[in-house]
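Here's the structure we're looking at; comments come further down.
Chains as they are written, first to last, in our numbering: chain L, 1 to 367; chain Z, 368 to 734.
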C-alpha cells in the first residue's frame, strides 16, 4: 500500500456532529506514505491547518510538491522508511472531504449554509474513523499543526489510548480574543462581499474581493513584522509593475500580499472557509476541564510529547504552547517544550525547515 | 484669547504640496487652551493621530470631552495654567481642515480623488503656518502622537529652530512593511466596497462595509492581544444580543469591534481616510539622511526630547521609538527614552493616563 495518492474513507452514516445535526454519506480524504508494519504500531497521523489538503508530500501517484514536502520522506524528519504516515483532510475542508460545497444527499444540492455547525471535535472524530479504517488502534505519534494542533488535542481527549506520542506545532489549547477578532474580520470580509449572496455564489459570480481581503489578513497574521523588515523593508515596485489606481500597489509588501491572495481566492471554497474559521474560534480545551484549560489538558494521557512554538507568532503566541506543555506534563507525559526564535511568525513550521526538522526528527527518532 | 473653540488659519494660496500639485484657499482648523505669554515662548503644539480632531480637550466654547481630555488642562500633565496649548487638525483631515471632501474652488465641487497627493510633510507645513499665524516663532514643545509623531519629525526637519523640546509618542521614523500592509488592507476594504464608487459616494450611498472593516482592523492593531486576554477572554454575548446571521456576533470581542466600527463609519470621510493613510505609508525620515533614518534624524536640532513607546504596540514597535531616541541623541539633544509595558498596545497613550501623565508631565515640568 505504498505511495497511494488521495484516498477516501466513508464516515458512519449518519455521522453525528458535536453541535447538533448529522451528515449522511460523508467521507474524508487522506493520503499515506511509507508502509504500515505487521504490528500496525508505526503510524504517524498529521492533522493540518485550515487550508492545506491531505497532500502533505509528493508520492508516486501524485508527484506534485506537498505542503510539508521538506519534512516528509525517506530520511527526512518524518521518515517514511520507518513510519507509515497518514495525512487526513479535515472534515469540512473542500480538498476531498465532505464540506459545505458537497452535495447534500437529502436534496441533491450543495449544502452551502445548510451544512451543520462544524467543530474541531468533528474534524478529530472523522480523522479517527479514517485511522481505524486502516486497522490502526493506536498511533505511534499524532502531529498537529496550527488549527490541526487544536484538532489533535480534541482527538486525544475524545479517544483515550489512541495516541502514544504527540507533537504540537504552533497551535493553542483555545482561541484567544485576538485570534477570534482576526478570524471574525476575515469572515466578515467574505460575508459582506455582495457576491457571497448568503452562500449562494457561483463560480462566475464569486466573492473574490472578500476572499482576497480574508487571505491578505491571514498572511499578515501568519508571518511577522520582523521577517518583513528584513525581507521587504520599504522596497517599492518598479513603476511598470504598479497599477494605475490611486492608492494601488506601490510597495513590495503590497504586491506580495496580492500574489498570495490571487493564488488562494479560487482554490478554497468560501463557505467551507467560514465553517473551518468559526470552528477554530469555538475550540476550547477548558470545556474538558470544568472551565480550566489546564484541567482539560490533564485528561490527555500520553507517554511523550513535544510542543513547539515561535516567539514571533502573533496568532498563536508562545504562552499558549507553554500552556499545552504544562498541561500535558501535569497529565504525566514526558514533554519537550521547544521555543523557537524563527522570524517567520506562525508560518515558521512551513518555512524554517532546519529548526523544525531538527526538533521533530529528533523527537521521532528517539521514539 | 483663552478658551477659544475651533478656529481656522488660512494657508498661503497657492499652497504647494510636497508630491506635486497645489491647494488654493486652503485652511487648517485648530483649537487652543491657556494663554500665550508676552514673550510668546510658552507654546506647546500637539499633532494628532490619523482620526482625531483639533478638539483635544474641552474648553468654554466647546465643553464636549476632547480626545486627550485627561492630559490637558490646569494642573494636568500638559498644564494649561503654564502652557499655551495648540492642537492643529491635520491638513487632509475632514475635521475642519481642507481635505478631499472640501470644495475645490476651481470646480465648485468636492475634490474627492482630485485632491493632490498628501504627505505628512504637507501636514507639518500647514501646522507651521498656523503656529506662525499666532505670532509664535519657536515652540516650547512639540508633541506628536502616532501619525502626529511622524508629522512632528517632518515639522522639525523642515523648520530648523522652530522647536526647543519634543515629545514623541507611540510613533515611528518611517513606516515599516507590517504597518504598510495593515493600512494597505484597510484602504483596499474601502476601495473594494461597491458603494465607494471611486470616491464618488454620497451620504445615502456610502461605503459603510469598507469603512467598518477598515476600522475594525485599525482597532485590532491599535490594542493588544494581552489586553484582550484579560478584558474579553472567551466571554460570549447573551443569546439575545447575538444576531441571527450564521457566523454573526457571538463573542464579546466581536461586539466590541462592531461598536467601534459603528461609531466611526459615518464620522470620518472615506476619501480623506485614504489620503491620510497613504501619507503615513510614505513618510520616511531616511529621505532626509541619504537613505539613513539615523542620518535623517540627526538633522533635527533640539535641546531636549522625550521619546515614549509601548512594548505591546504592534503597529509602531518599541524598536522604532528607540531609533528616534538614538537619532535625536546623536543630533545632540538630551533624550529621555521611556519604554512602557502598558498592556493597551498602540492606543496606550489614550488609555494608560497614569503612566503617560507621569512621563509627559515630568518632562514638561522640568522645562
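A virtual CB, placed ideally from N, CA and C, is assigned to each residue, including glycine.
In this text the structure is predicted, and so the values were computed from the model without any measurement.
Listed as beta-bridge partners of residue 533 of chain Z by DSSP are Z:509 and Z:672. Fewer than three pairs of CB atoms, one per stretch, sit closer than 8 Å, so the segment 578 to 585 of chain Z makes no contact with the segment 696 to 706 of chain Z. For residue 336 of chain L, the enclosing beta strand (DSSP E) covers residues 334 to 340. Your pair residue 385 of chain Z and residue 489 of chain Z checks out as a contact, with CB atoms roughly 6 Å apart and the cut at 8 Å. Counting of Cβ neighbours within 10 angstroms places residue 109 of chain L among the exposed residues, the total staying below 16. Counting along the chain, residue 399 of chain Z sits inside the beta strand (DSSP E) bounded by residues 394 to 400. When Cβ pairs closer than 8 Å are counted between the two stretches, the segment 382 to 399 of chain Z is seen to touch the segment 487 to 504 of chain Z, the count reaching three or more. For residue 451 of chain Z, the enclosing beta strand (DSSP E) has its first and last residue at 451 to 455. When DSSP reads this structure, residue 72 of chain L sits in a beta bridge with L:78. Against chain L, the beta carbon of residue 583 of chain Z has neighbours under 7 Å at 185, listed in chain order.
The continuous alpha helix (DSSP H) containing residue 556 of chain Z extends over residues 544 to 559. At least 8 Å separates the beta-carbon of residue 403 of chain Z from that of residue 396 of chain Z. In the structure shown, residue 65 of chain L adopts coil according to DSSP, grouped into three states. Interface criterion not met: the Cβ of residue 313 of chain L is under 8 Å from no Cβ in chain Z. A Cβ-Cβ contact shorter than 8 Å links residue 467 of chain Z with residue 479 of chain Z. Look at residue 82 of chain L: its C-beta is not under 8 Å from any C-beta on chain Z. Using a Cβ-Cβ cut-off of 8 Å, residue 164 of chain L is close to nothing in chain Z; its nearest Cβ partner there is about 31 Å away. Interface flag for residue 685 of chain Z against chain L is unset, since no Cβ pair is found closer than 8 Å.
In this chain, the alpha helix (DSSP H) harbouring residue 354 of chain L covers 353 to 365. Between residue 33 of chain L and residue 141 of chain L, the alpha-carbon positions lie close to 14 Å from each other.
Contact note: residue 667 of chain Z does not reach chain L at a C-beta cutoff of 9 Å; the least C-beta distance is about 20 Å.
When rounded, the separation of the alpha-carbon atoms in residue 257 of chain L and residue 445 of chain Z is 42 Å. Under the Cβ distance rule, residue 429 of chain Z does not count among the residues neighbouring chain L, no pair being separated by less than 8 Å. Interface with chain L (8 Å Cβ-Cβ cutoff): residue 549 of chain Z is included. Against residue 229 of chain L, the close residues of chain Z are 543 and 544, in the order they occur along the chain (beta-carbon pairs closer than 7 Å). Judged by DSSP in its simplified three-state form, residue 344 of chain L adopts coil rather than helix or strand. Taking 7 Å as the cut-off between beta carbons, the residues of the segment 188 to 222 of chain L near chain Z are 188, 189, 191, 192, 194, 209, 213, 216, 217 and 220, in sequence order. DSSP lists Z:453 and Z:509 as the bridge partner or partners of residue 412 of chain Z. As DSSP reads the structure, residue 110 of chain L sits in a beta bridge with L:103. In this structure, the CA atom of residue 353 of chain L is about 42 Å from the CA atom of residue 561 of chain Z. Apart from the 5 residues on each side of it in sequence, residue 97 of chain L sits with its Cβ closer than 6 Å to the Cβ of 28, 29, 89 and 91 in its chain, given in chain order.
Using beta-carbon distances, residue 232 of chain L counts as an interface residue toward chain Z, with a partner under 8 Å. Here the alpha carbons of residue 592 of chain Z and residue 327 of chain L stand approximately 22 Å from one another.
Residue 666 of chain Z and residue 674 of chain Z have their C-alpha atoms some 17 Å from each other. Bounds of the alpha helix (DSSP H) holding residue 155 of chain L are 147 to 158. At a Cβ-Cβ threshold of 8 Å, residue 375 of chain Z and residue 485 of chain Z do not count as neighbours.
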